[in-house]
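Data first, discussion second: the structure below is written as structure tokens.
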Amino acid sequence: MGIKLVQAKDEDFDRVFGLACDAFGRNEPMWDVFYPKHWTEEGRRKGADKMRRMNAADPHTEFILAVDETSNEVLGMSKWNVYAPNTIPDFVGINRAVGDYYESEEERAYAGAMGKLFVQPRNEAIFASGGNLVSLDILTIDPKFQRKGIGNALVQWGTRKADELGVEAVVESSVFGKAL
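Going by the UniProt record's numbering, the first residue of the sequence shown is number 1, and it counts up by one from there.
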């Protein structure tokens with residue numbers, strides 16, 4: 001199976017988010033925090049919209065899709081944050097533009113506190129680099145196509161981008177992805 005890597009368009013995010021939800025299931029606690037009720041139809045609709053808004057609001061975000069060359073089916077995706085040259089992101093402005101869909105202030109406060117802890121090491125790396133970093137934020141492959149080299153191709157996209165820019169690449173992983 002041949003794959004091509006392309007940038008996501010607005011119309012791709014329903015499939016992209018659904019694919020991510022299928023791959024992560026309920027096994028990734030932070031996915032549950034960032035995308036509440038992603039296992040429901042409404043949660044998937046809202047999550048896809050949140051990704052769509054993130055793609056539009058954050059000039060440093062690049063959603064890259066792995067697409068089957070023959071069928072044009074989306075097989076996997078990665079979300080890379082490209083901070084270069086000397087780019088310190090406006091996290092507050094981006095988050096304000098993206099918004100959220102938490103149902104209560106308590107849920108919003110919990111997600112904010114957990115999110116802050118979760119991204120702290122990444123943000124420290126961005127600031128320590130002076131805004132010269134390429135960081136893998138999300139990588140997910142449709143469960144039907146896992147272990148076929150698709151994730152590797154998506155990681156290579158980001159490491160090549162970092163090489164082109166002359167900056168470091170940071171690849172993060174959850175517990176479930178570490179073995180990969």
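We put the beta carbon where it would ideally sit given N, CA and C, even for glycine.
Source: prediction; values computed, not measured.
For residue i, the nearest candidate out of the options (CA to CA)
i, options, result
"Gly93", "Pro85, Val67, Asp58 and Ala84", "Asp58"
"Leu154", "Glu164, Leu136 and Pro85", "Leu136"
"Lys9", "Ile64, Gln146 and Thr159", "Ile64"
"Gly2", "Thr40, Gly115, Ser71 and Lys46", "Ser71"
"Tyr83", "Leu133, Leu117 and Gly47", "Leu133"
"Leu144", "Gln7, Val6, Phe24 and Val119", "Looking at the sequence itself, residue 144 is Lys, so the reference to Leu does not match. When only C-alpha atoms are compared, the closest one is Phe24."
"Leu75", "Glu164, Asp22, Val167 and Ile126", "Asp22"
"Phe44", "Arg15, Ala56, Glu28 and Asn27", "A quick correction: the sequence has Arg, not Phe, at residue 44. Of the listed residues, the one whose Cα sits closest to Arg44 is Arg15."
"Ser104", "Asp163, Glu28, Pro36 and Ala20", "Pro36"
"Ala20", "Gln146, Gln156 and Val171", "Gln146"
"Ala56", "Thr87, Asn95 and Gly18", "Asn95"
Strand pairing of residue i, partner residues [DSSP]
i, result
"Gly99", "Paired residues: none, contrary to the question."
"Lys4", "Val67"
"Val134", "Val82 and Ala169"
"Leu139", "Ser78"
"Thr61", "Asn81"
C-beta contact flag for residue i and residue j at 7 Å
i, j, result
"Gly149", "Ile141", "no"
"Met30", "Phe91", "no"
"Lys161", "Glu69", "no"
C-alpha gap between residue i and residue j, whole angstroms
i, j, result
"Ala97", "Asp49", "12 Å"
"Trp80", "Glu62", "5 Å"
"Ser129", "Glu107", "33 Å"
"Glu73", "Ala66", "9 Å"
"Pro121", "Leu139", "18 Å"
"Ala111", "His38", "14 Å"
"Asn123", "Gly131", "10 Å"
"Pro85", "Thr40", "40 Å"
"Gly166", "Arg52", "29 Å"
"Glu42", "Ala113", "24 Å"
"Asp12", "Lys46", "14 Å"
"Glu164", "Glu172", "20 Å"
Nonlocal neighbours in the same chain, by C-beta distance under 7 Å from residue i, ignoring five residues either side
i, result
"Met54", "Thr61 and Val98"
"Thr159", "Ala169"
"Gly115", "Val33 and Phe34"
"Gly18", "Arg44"
Same chain only: Cβ atoms within 8 Å of residue i, ignoring 5 sequence neighbours per side
i, result
"Asp100", "Lys50, Arg108 and Ala111"
"Gln7", "Glu62, Phe63, Ile64 and Leu65"
"Trp157", "Leu5, Ile64, Ser78 and Trp80"
"Tyr102", "Pro36, Arg108 and Ala111"
Sequence-distant residues of the same chain with beta carbon closer than 6 Å to residue i, five excluded per side
i, result
"Ser78", "Ile64, Leu139 and Leu154"
"Thr87", "Gly131"
"Ile126", "Tyr83 and Leu133"
Closer than 6 Å: residue i CB and nearest the ligand PLP heavy atom
i, result
"Gly43", "What this structure holds is no ligand at all, so the ligand PLP is not there to describe."
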